[in-house]
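Beneath this line is the structure, given in structure tokens, with notes to follow.
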Amino acid sequence: MSPAEAGGAGRAAGAEPTGTTAGALASLASPAPSGSRRRPGPLWTFGLLGSELVITFRRWRTLALLGVLAAVPVLVGIAVRIETSDGSSLGGGGGGGGGGEGPAFIAQITNNGLFLVFTALAATLPFFLPMAIGVVAGDAIAGEANAGTLRYLLVAPAGRTRLLLTKYVTVIAFCLAATLVVALSALTVGALLFPLGELTTISGTRISFAEGLLRALLIALVVAASLIGVAALGLFVSTLTNSGIAAMATTVGLLITVQILDQIPQLDALHPHFFSHYWLSFADLMREPVYWDDLLKNLGIQGLYAAVFGSAAWARFTAKDITA
Numbered sequence: 008m009s010p011a012e013a014g015g016a017g018r019a020a021g022a023e024p025t026g027t028t029a030g031a032l033a034s035l036a037s038p039a040p041s042g043s044r045r046r047p048g049p050l051w052t053f054g055l056l057g058s059e060l061v062i063t064f065r066r067w068r069t070l071a072l073l074g075v076l077a078a079v080p081v082l083v084g085i086a087v088r089i090e091t092s093d094g095s096s097l098g099g100g101g102g103g104g105g106g107g108e109g110p111a112f113i114a115q116i117t118n119n120g121l122f123l124v125f126t127a128l129a130a131t132l133p134f135f136l137p138m139a140i141g142v143v144a145g146d147a148i149a150g151e152a153n154a155g156t157l158r159y160l161l162v163a164p165a166g167r168t169r170l171l172l173t174k175y176v177t178v179i180a181f182c183l184a185a186t187l188v189v190a191l192s193a194l195t196v197g198a199l200l201f202p203l204g205e206l207t208t209i210s211g212t213r214i215s216f217a218e219g220l221l222r223a224l225l226i227a228l229v230v231a232a233s234l235i236g237v238a239a240l241g242l243f244v245s246t247l248t249n250s251g252i253a254a255m256a257t258t259v260g261l262l263i264t265v266q267i268l269d270q271i272p273q274l275d276a277l278h279p280h281f282f283s284h285y286w287l288s289f290a291d292l293m294r295e296p297v298y299w300d301d302l303l304k305n306l307g308i309q310g311l312y313a314a315v316f317g318s319a320a321w322a323r324f325t326a327k328d329i330t331a
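Below, the structure is given as structure tokens:
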């Protein structure tokens, strides 16, 4: 039986699910003559990616995660506004902080609302952002298997490598979207509650608001890139099980474990190898001149994790017996 006939038989039996990637891709797979092997072209690949993006971002779970992320800057901004409503200032020093750590930016929010962007990203990066990425990545393959749609995706025909790559690109797109949601929410709240204008860098120099916006965009992109290692880890875990909930819980558990280990002084020699160790190095973009060492180390370690766990996910998925 050819892939087209198999897909037709599934639909005839009423077995093909609707409202999923497999169902949406039914219109993308054109019928092929019996006995022939379909070779999907570039347009089909873009159709697969587009369908996956639409379905991912239309899920209530995804929208809820983005909503929670957008709420964090609102809560931080309101809390700072209430705390300083009597004209007092927050403690914690100026725009600088030991080692350029992001949370020190909170002391500057009352002087310039743009600092709420940096503070919100620093507040969400250790837990909220990676947790959201872990949920989406962990569900990427395991969720399809649990719903019984994975085999239909492979019949469509997606091909295992093509499908896995599409899933990973979708998770990376969510990384970028989640980070931009936090940044835009923080920028909006900061503009409504606090003054805007020139801002002082960690080094004490003054830069224009336009340059500050550009650096905020660069910081958001760096934060999104800091999550590609987590995305690859979650995708690998997703190939190990047919339970979406188990994959999501395992990924989030690994995130928490790594960050706990990163705080244990006795493991200092291992800290530079943890994917979370250089996450807050994005604050070095607010130095004048920019301090690139930790930024490049962060991007390098993320690329390494993406390569290792991406390869492991491919090796596991291409050899996996698909029964669901």
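So the sequence shown is numbered by the numbering used here: it starts at 8 and just counts up by one. Beta carbons: idealized from backbone N, C-alpha and C, even for Gly.
Item, Value
"Since Ala-149 and Thr-248 are thought to touch, with beta carbons under 8 angstroms apart, how far apart are those beta carbons, to the nearest angstrom?", "5 angstroms"
"Mind checking who Arg-213 pairs with in its DSSP beta bridge?", "Thr-207"
"I need the boundaries of the alpha helix (DSSP H) containing Lys-304, first residue and last residue.", "300-326"
"If you drop the 5 nearest sequence neighbours on each side, which residues of the same chain put their C-beta closer than 7 angstroms to that of Trp-321?", "Thr-168 and Leu-171"
"Quick check: what's the CA-CA separation for Gly-204 versus Gly-197?", "11 angstroms"
"So is Glu-151 buried or exposed if we call it buried at 16+ other beta carbons inside 10 Å?", "buried"
"Compare the Cα-Cα distances from Asn-118 to each of Arg-213, Gly-310 and Leu-303 and report the closest residue.", "Arg-213"
"Classify Asp-300 as buried or exposed, calling it buried when 16 or more other Cβ atoms lie within 10 Å of its own Cβ.", "exposed"
"Indicate whether Leu-132 and Leu-277 have their beta-carbon atoms separated by less than 8 angstroms.", "no"
"Could you check how far apart the C-beta atoms of Gly-317 and Gly-251 are, in whole angstroms? I think they sit under 8 angstroms.", "Going by Cβ atoms, the distance from Gly-317 to Gly-251 rounds to 20 angstroms, so no, they are not a contact pair."
"For Ile-116, does the three-state DSSP call read helix, strand or coil?", "coil"
"I think Thr-63 touches Phe-181, with their Cβ atoms under 8 angstroms apart; what is that distance to the nearest whole Å?", "7 angstroms"
"Taking one C-beta from the segment 260-276 and one from the segment 214-227 each time, how about it: are there three or more such pairs within less than 8 angstroms?", "no"
"Out of Ala-114, Pro-279, Ser-210 and Gly-141, point me to the one whose CA is closest to Ser-245's CA.", "Gly-141"
"What first and last residue would you give for the alpha helix (DSSP H) that runs through Ala-149?", "135-154"
"Going straight from the alpha carbon of Gly-57 to that of Lys-174, what length do you get?", "11 angstroms"
"How far does the alpha helix (DSSP H) with Leu-242 in it extend, from its first residue to its last?", "235-245"
"Is Thr-248 helix, strand or coil by DSSP?", "coil"
"Quick check on the burial criterion: 16 or more other C-beta atoms within 10 angstroms. Buried or exposed for Leu-333?", "Nothing can be reported for residue 333: it is not among the residues displayed for the chain, which extend from 8 to 331."
"Rounded to the nearest angstrom, what separates Ala-139 and Pro-202 at their Cα positions?", "31 angstroms"
"Is any heavy atom of the ligand GDP found at a distance shorter than 7 angstroms from the C-beta of Arg-169?", "This structure simply doesn't include the ligand GDP, nor any ligand for that matter."
"What does the Cβ neighbour count give for Val-297, buried or exposed, with the cut at 16 atoms within 10 Å?", "exposed"
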